[in-house]
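Participant: Numbering (my numbering), first residue to last: 8 to 313.
Have a look at this one before I ask anything.
And the structure:
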């Protein structure tokens, strides 16, 4: 079925822009300023701001959660905020448990009503060429590495780790155990990590990533999730949020200010289905699918490139 999202206001690099979007079989087929000469069913969106469905980070969906806990956690912390894709992270304590733990996680996420990626979090001592190779076998492309002020980053065989990633890079993200270190200045360990990543040309994100808020376009580019998620584009999926234009505040440069924690979208659409309407959320188990990152950092902007 084809239909037109008509006169939607979307955010572009240089400000807001009115756009009409032709949808065909839950894909964006065509976009242009006006489609007055095309005859299909129309949805008038002139009073809304349209954003891509958000991709959010999760550390909280443990595999031991009962289904009702899993459901309520997803609804209140993610779906109501306009999240249509989740990067959910599982803790790995020993290398040999990677396969079994990921199997548990995938079993849990079978019930997900939104799309998801799976990443892992490991202590620094587990970061090794063999662990990287196991991650590649499991199609894991995002690894959070726990570090503290006592860890000796230079002791790692970074060259061997990079060689293990050949042809299929993995994004390494430092995870500081002491969160309050971010308050005043960047910790020395993060500065050291950043130097090592540059020296060995490893894909990494050194800025702290917050759970339960939309990941920025720069981060999605670095991870390799963009442009599959986090963008309104021709050929893209029909995942979007609608905010009432009359309720939006703006920066001095004219771009909208949206606080995803305090300001929930009026409508959220996932895979062409309406998921949220005015705070009422439709939870349909199992329609979300696991997504995979073929190559991290395929579209790295200059702002985040080394």
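Positions of the beta carbon are idealized from the N, C-alpha and C atoms, including for glycine.
#1: What span of residues does the beta strand (DSSP E) with residue 285 cover, start to end?
#2: Mind checking which residues open and close the beta strand (DSSP E) that includes residue 36?
#3: Run through DSSP, which three-state label would residue 101 get?
#4: Three-state secondary structure (DSSP) at residue 156?
#5: Would you tell me roughly how many angstroms separate the C-alpha atoms of residue 188 and residue 214, rounded to the nearest one?
#6: By DSSP, does residue 107 sit in helix, in strand, or in coil?
#7: Assess contact between the region 41-55 and the region 131-140, defined as three or more Cβ pairs (one per stretch) separated by less than 8 Å. Is contact present?
#8: Is it buried or exposed, residue 60, if we count other Cβ atoms within 10 angstroms and call 16 or more buried?
#9: Leaving aside the five residues before and after residue 281 along the sequence, list all residues of the same chain whose C-beta is less than 8 Å from its C-beta, in chain order.
#10: In three-state terms, what does DSSP make of residue 171?
#11: Give a yes or no on whether 8 Å exceeds the smallest Cβ distance from residue 215 to chain B.
#12: Under 8 Å by Cβ, that's how I've got residue 234 and residue 18 pegged, so tell me the actual separation to the nearest angstrom.
#13: Can you tell me whether residue 298 is helix, strand or coil according to DSSP?
#14: Of the choices 23, 14 and 11, whose alpha-carbon is the least far from that of residue 257?
#15: Could you give the distance in angstroms between the alpha-carbon of residue 245 and the alpha-carbon of residue 105?
#16: Return the residue from the list 249, 241, 160 and 81 that minimises the CA-CA distance to residue 39.
#17: Whose C-alpha, out of 165, 216 and 88, is nearest the C-alpha of residue 287?
Facilitator: With the given structure in hand:
#1: Where residue 285 is concerned, there is no enclosing beta strand (DSSP E), given that its DSSP letter is neither H nor E.
#2: 34-39
#3: coil
#4: coil
#5: With a pLDDT of only 47 at residue 188, under the threshold of 50, the placement of this residue in the model should not be trusted; the figure read from the coordinates follows. Looking at the two C-alpha atoms, the distance is approximately 12 Å.
#6: helix
#7: no
#8: buried
#9: 274, 275 and 289
#10: helix
#11: Absent from the structure: chain B. Only one protein chain is present.
#12: Contact flag wrong, Cβ pair sits at about 15 Å.
#13: coil
#14: 23
#15: 33 Å
#16: 241
#17: 88
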